[in-house]
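Below is one structure, written out as structure tokens; the observations come after it.
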Amino acid sequence: MESFEFTHLWVLISLVGIPVLLILYFKNYKINTASLQVSVVRSDNFKRKKPGIFHLPVFLRCLGLSFFIIAIAGPVRKNGETVLDGRSKDIILCIDVSASMQYEDFKPNRLEASKALAEEFVRKRTGDELGVVIFSNTAYSLCPLTTDTAAVLGQLSGIATNLLDREGTDIGNGLAVAINRLKNSNAKTKIIVLLTDGVNTTNGPISPATAVDIAAGYHIKIYSLGIGSTREMEITIKTPYGLIRQTKKLEYDEQLLKQIAAGSSGQYFQAADNNALQNAYGNIDRLEKTEIVKKVHYSAANMSLPFVLAGFISILLDAILSYSVFRKFP
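According to our numbering, the sequence shown is numbered sequentially starting from 967.
Printed below as a string of structure tokens:
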């Protein structure tokens, strides 16, 4: 972004005098021409050779004077650079990748539906640092906090239930790894988006309640996003005799997810289907909207020299032409 300004804008008022000088010149020229007696032959020949350019030196003189006036006015070219400045937030997406996340009560399944909407959530976050933690009965920091949205999206797309041991869900361990990523953050707001079916099946060294207390101590809010319901549906089960389909009542620990959110000053959202999951992400995005301010930083370059040079060239041409081509003889 570029702009052109003058340090002493009032000096440009002097440019009004240039047309006045030209008017006075032509008025004086007509008077002198009417009273001056010259050879008819010489006058006709001169006019035939140089009809309109006889006044060129005068125009060059006025042009040079105009350039000098502009130079004195202090022309400055300002280059502006827009910088986004805002209150950034540090957000960890803590995603359950246990076997239950393959249930197909969401389309195409819980994990894929979660990934698609998590990617949409990430794209909307401008200026925030985001990271990804995955967990089942163990936990792993898949992507550290970064403002590189493309890197976060790349890690999200590669998430699958076979990345960790699929059997068991240790929510406390998943939260502990996410907290470890956020505890030293200097961000004003630190958030964990916990995405799970809410059933803690593994009693690890850190319980969900302990993890919540640690999060509260570091002023980390947890938004618990519960995927699933307690309805019955057909699922695929692996047995020694191969894969079989059977009807099972799904498990969903809503009480635990509410306690996790309440204990960390966060909120709980239930997502029983794809639309509810999308609304939950939308609510978190609205609740934690980052305030972005546009600032413009300028660098200025003085442009007087080009006008000074142009003024000298104009005056020089005036002098050369006045004492050569347009020289007046008595």
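Backbone N, C-alpha and C fix where the C-beta goes; we use that ideal spot for every residue, glycine too.
CB contact flag (residue i, residue j, <8 Å)
i	j	result
T1155	K1055	yes
G1192	Q1233	no
L1222	C1060	no
L1096	L1111	yes
L1243	L1083	yes
I1125	K1081	yes
V1063	L1129	yes
A1175	E1133	no
L990	S1280	no
T1135	T1115	no
G1040	S1290	no
L1031	I984	yes
N1240	K1073	yes
N994	S1265	no
Residue i, DSSP secondary structure in three states
i	result
I1019	helix
E1070	coil
T1104	coil
P985	helix
S1123	helix
F1012	Low per-residue confidence applies at F1012: pLDDT is 43, beneath 50, and the placement is therefore not dependable, though the value from the model is reported in the following sentence. Looking at F1012 - three-state DSSP - the assignment turns out to be helix.
T1112	strand
N1045	strand
E971	strand
L1077	helix
V1291	coil
E1095	strand
K1090	helix
D1284	helix
K1149	coil
V1063	coil
K993	helix
G1026	Checking the sequence shown, residue 1026 turns out to be Leu, not Gly. Of the three classes helix, strand and coil, the one that applies to L1026 here is helix, per DSSP.
K978	Before going on, a small fix: residue 978 reads as Leu here, not Lys. The answer is helix: DSSP assigns L978 an H, G or I state.
L1141	helix
L1161	strand
Closest residue to residue i among the options (Cα-Cα distance)
i	options	result
G1140	I1158, A1153 and A1126	I1158
Y1189	V1274, S1102, A1144 and G1277	A1144
F1087	V1118, F972, A1276 and V1024	V1118
L1287	H1021, Y1218 and S969	H1021
N1103	E1220, T1127, G1183 and I979	T1127
A921	G1120, F970 and R1197	Residue 921 is absent from the model: the chain starts at 967 and stops at 1296.
L1253	V1063, S1231 and F1273	S1231
V992	V1024, N1150, G983 and F972	The question names Val, but residue 992 in the sequence shown is Phe. When each option's Cα is compared against that of F992, the closest is V1024.
R1211	K1044, Y1218, L1026 and E1200	E1200
T1202	F972, N1268 and M1067	M1067
N1146	T1113, E971, A1105 and G1120	A1105
L1216	Y1069, N1045, S980 and I979	Y1069
D1308	F1101, N1245, S1151 and E1078	Limits of the chain in this structure are 967 at one end and 1296 at the other, which puts residue 1308 out of reach.
T1113	D1251, F1101, I1186 and T1092	T1092
G1170	P1272, F1101, K1187 and R1076	F1101
N1075	K1224, D1131, T1162 and G1183	T1162
Integer Cβ distance of residue i from residue j, believed to fall under 8 Å
i	j	result
A1302	G1138	Only positions 967 to 1296 of the chain appear in this structure, which leaves residue 1302 out of reach.
I1035	V986	Going by Cβ atoms, the distance from I1035 to V986 rounds to 13 Å, so no, they are not a contact pair.
I1226	L1148	With 8 Å as the limit, I1226 and L1148 do not qualify as a contact, their Cβ atoms being about 15 Å apart.
S1195	D1071	7 Å
H974	I1019	Rounded, the Cβ-Cβ distance is 35 Å, inconsistent with contact.
Y1218	G1164	6 Å
G1277	F972	Incorrect: roughly 16 Å between the Cβ atoms, too far for contact.
A1142	I1172	5 Å
- Task: Kindly provide the ranges of any beta strand (DSSP E) runs that are 3 or more residues long and lie completely inside the region 1207 to 1280, ordered along the chain.
- Result: Listed in chain order, they are 1208 to 1215, 1234 to 1237 and 1258 to 1268.
- Where in the region 1166 to 1205 do unbroken runs of the beta strand (DSSP E), each at least 3 residues long, occur, reported from the N-terminal end onward? Qualifying beta strand (DSSP E) stretches, in chain order: 1186 to 1193 and 1198 to 1205.
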